[in-house]
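Asker: Respectively, the protein sequence lines represent chains W and F. Note that the numbering used here numbers the first sequence so that position 251 is 251, with each residue one more than the last. For the numbering used here, add 1000 to where a residue sits in the second sequence, where the first one is 1.
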Amino acid sequence: MESYAFAAMGTSVECLVDAPGSRALRSGMDRVHAEFHRLELLLSRFRSDSELSRLNRERRIEASEDLRTVVTLALEAREATGGRFDPTLHDAIVAAGYDRTFDELPPDSVDAPASELPSAGGEVTVRGGWIELGPHASLDLGGIAKGFAADRCVEQLAAFGPALVNAGGDLAVSGPRADGPWPVAVDLPSDRLTLSIDRGGLATSGRDRRRWRRGGDERHHIIDPATVSPAQDVPLSVTVAAKSATAAEIAAKCVFLAGSAAELEADSARIPAVIVWSDESVRLVGGLRA
Amino acid sequence: MTDHTVRLYAAAVALVVFFLFWAAIAAKPWAATGEADPRAAAIDRREQRLARETRRVNRVVKRRFAVYAKQLSRRKRAIARRERENAATLAAAPSGSVSAPAASGSAAAPAAPSVSVTAAPPVTTTSSS
């Protein structure tokens, strides 16, 4: 088993390949590293020089194929989830205080008065090689960008053997190892649960890590499009398995935002999920059994 | 017997006879065999009409509720089917589109993962991203 780790997209990325070490594999890992940084330069909202930041500033740009692909994926997901997954919540998350990388966020401060109330469901048009934003739409591709990068890079590494790419919790798996599925730990408040997964993706959405305070009030980074503010009455975290890291990221966010109906929704949609509640109770749903 | 005593008996008898007549008249013996009170008869008729109307309304409500219950159950099945389709779309659409990376290098279309809880030592960890 060969492993490689680096920092990108504001998180740590870990690549595992079930193959003997070789110069070619090392070179493949380097290419994956470079690909993550290239995608970060396109898709990060925290880099003022990224293509996404330029789009949010200029409102209409001739965009790269990757940005158009990820924006299209996000818009399709918004359509498929009836707006629960919404990539146009950039202004809402900034208004909630998440206006710089998480490492740079002060633990507590006073809100700057917002010049305009943020909104959800903004209009975004992808046509030809262009992307155009409507009047109140700014894009944040956070989780879906990491899932997309993990999916892409795991496919690159799959040429060397069964591979796994973990982009800060958004995890893509190309296929089972020689000795079976990949065992992946799910962080629980006071313990760990290990899931085995043979292919596809795993992702976790939660308010247990990326949280901060503003004026003494606790905030977190998952915005509910219905209220355009950090989601309330939601689980502590939701881990979901799906056909890809991108699909898992979208499903995890949607189940998380279902709030008290999270278990019911995951069960009725047959989405294998681990749901952790505020009282630290852990529920396996969607066909997942202990 | 003196005249005084006779008069006293006569007065007592007359008093008794008077009360007997009064009781007989108050009992209205002619009413038992004669016509019923028209107001009571009207109330009886009205009561019977209302009872018939109640039975008819109950039948209509029961029939309409059966139709409603059938439609509700059909609607619930349609909603459940739509939810399953939406979930399938949600699970399938992004991964179908994620085959964009596949177009740029790999061949395999993503298949549904097989996930279970295991006791094996983990090789990595997922936590809130």
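Where is the CB? At the ideal position from N, CA and C, for every residue including glycine.
Going along chain W in order, which residues have a C-beta closer than 7 Å to the C-beta of Ser1128/F?
Answerer: Result: Gly169, Thr204, Ser205, Gly206, Asp208, Arg209, Arg210, Ser237.
Asker: How would you list, in chain order, the residues of chain F whose beta-carbon sits under 8 Å from the beta-carbon of Glu14/W?
Answerer: Under the 8 Å cutoff, chain F gives Thr1124.
Asker: In the DSSP assignment, find the alpha helix (DSSP H) that holds Arg54/W and state where it starts and stops.
Answerer: It spans 51-58 - the alpha helix (DSSP H) in which Arg54/W sits, taken as one unbroken run.
Asker: Here's a check: name, in chain order, each residue in its chain whose Cβ is nearer than 6 Å to the Cβ of Leu257/W, leaving out the five neighbours to either side.
Answerer: Contacts found: Arg84, Asp224, Ala231.
Asker: Look at Asp140/W and Pro181/W and say whether their C-beta atoms are less than 8 Å apart.
Answerer: No. Outside cutoff.
Asker: Assuming Ser237/W and Asp208/W form a contact by the criterion Cβ under 8 Å, report the distance between their Cβ atoms to the nearest whole angstrom.
Answerer: Confirmed, Cβ separation roughly 5 Å.
Asker: Less than 7 Å between C-beta atoms, sequence neighbours within five positions excluded: which residues of the same chain meet that for Gly121/W?
Answerer: Taken in chain order, the residues that qualify are Gly83, Asp86, Thr88, Pro225.
Asker: Relative to the C-alpha of Arg26/W, which candidate in Arg283/W, Gln156/W, Val282/W has its C-alpha closest?
Answerer: Ranking Arg283/W, Gln156/W, Val282/W by Cα distance to Arg26/W puts Gln156/W first.
Asker: Please report whether the beta-carbon of Ala1120/F lies at a distance below 8 Å from any beta-carbon of chain W.
Answerer: Closer than 8 Å: yes.
Asker: Please list the terminal residues of the continuous beta strand (DSSP E) segment that includes Thr1124/F.
Answerer: Here the beta strand (DSSP E) through Thr1124/F covers 1124-1126.
Asker: Would DSSP call Gly287/W helix, strand or coil?
Answerer: Coil at Gly287/W, not helix or strand.
Asker: Does the segment 35-42 of chain W come close enough to the segment 151-165 of chain W to have 3 or more Cβ pairs within less than 8 Å?
Answerer: Counting Cβ pairs under 8 Å, three or more are found: they touch.
Asker: On the DSSP bridge assignment, give the partners of Phe6/W in chain order.
Answerer: Paired residue(s): Val13/W.
Asker: Quickly, what does DSSP pair Ile223/W with across the bridge? List them, please.
Answerer: Looking at the DSSP assignment, Ile223/W forms a beta bridge with Pro230/W.
Asker: I'd like to know if Asn1086/F contacts chain W, where contact means its C-beta is closer than 8 Å to some C-beta of that chain.
Answerer: Cβ-Cβ to chain W under 8 Å: yes for Asn1086/F.
Asker: DSSP has Gly201/W in a bridge; who is on the other side?
Answerer: Ala172/W, Ala242/W.
Asker: Using CA atoms only, rank isn't needed, just tell me which of Ala261/W, Ala34/W, Leu52/W is closest to Ala145/W.
Answerer: Cα-wise, what sits closest to Ala145/W is Leu52/W.
Asker: Let me see if you follow: with CB-CB separation under 8 Å, is Arg270/W close to chain B or not?
Answerer: Absence of chain B from the displayed structure is noted, the protein chains being W and F.
Asker: Please report the straight-line C-alpha distance between Pro1113/F and Ile250/W, rounded to a whole angstrom.
Answerer: Roughly 16 Å separates the two Cα atoms.
Asker: Mind reading off the beta-carbon distance from Arg289/W to Val1117/F? Whole number of angstroms is fine, and I expect it under 8 Å.
Answerer: Contact holds; Cβ gap of about 7 Å.
Asker: Tell me which residues of the segment 222-237 of chain W have at least one Cβ-Cβ distance to chain F shorter than 7 Å, keeping chain order.
Answerer: So the close ones are Ser237.
Asker: For the alpha helix (DSSP H) containing Glu280/W, name the first residue and the last one.
Answerer: Unbroken run through Glu280/W: none, as it is neither H nor E.
Asker: Count the other CB atoms, across all protein chains shown, that sit within 10 Å of the CB of Phe1079/F; report buried if there are 16 or more and exposed otherwise.
Answerer: It should be pointed out that residue 1079/F corresponds to Ile in this sequence rather than to Phe. The residue in question, Ile1079/F, is exposed, as its Cβ has fewer than 16 Cβ neighbours within 10 Å.
Asker: For Arg192/W, which beta-bridge partners are listed by DSSP?
Answerer: Beta-bridge pairing links Arg192/W to Asp187/W.
Asker: If you run the structure through DSSP and keep just helix, strand and coil, what is Asp217/W?
Answerer: It is a strand residue.
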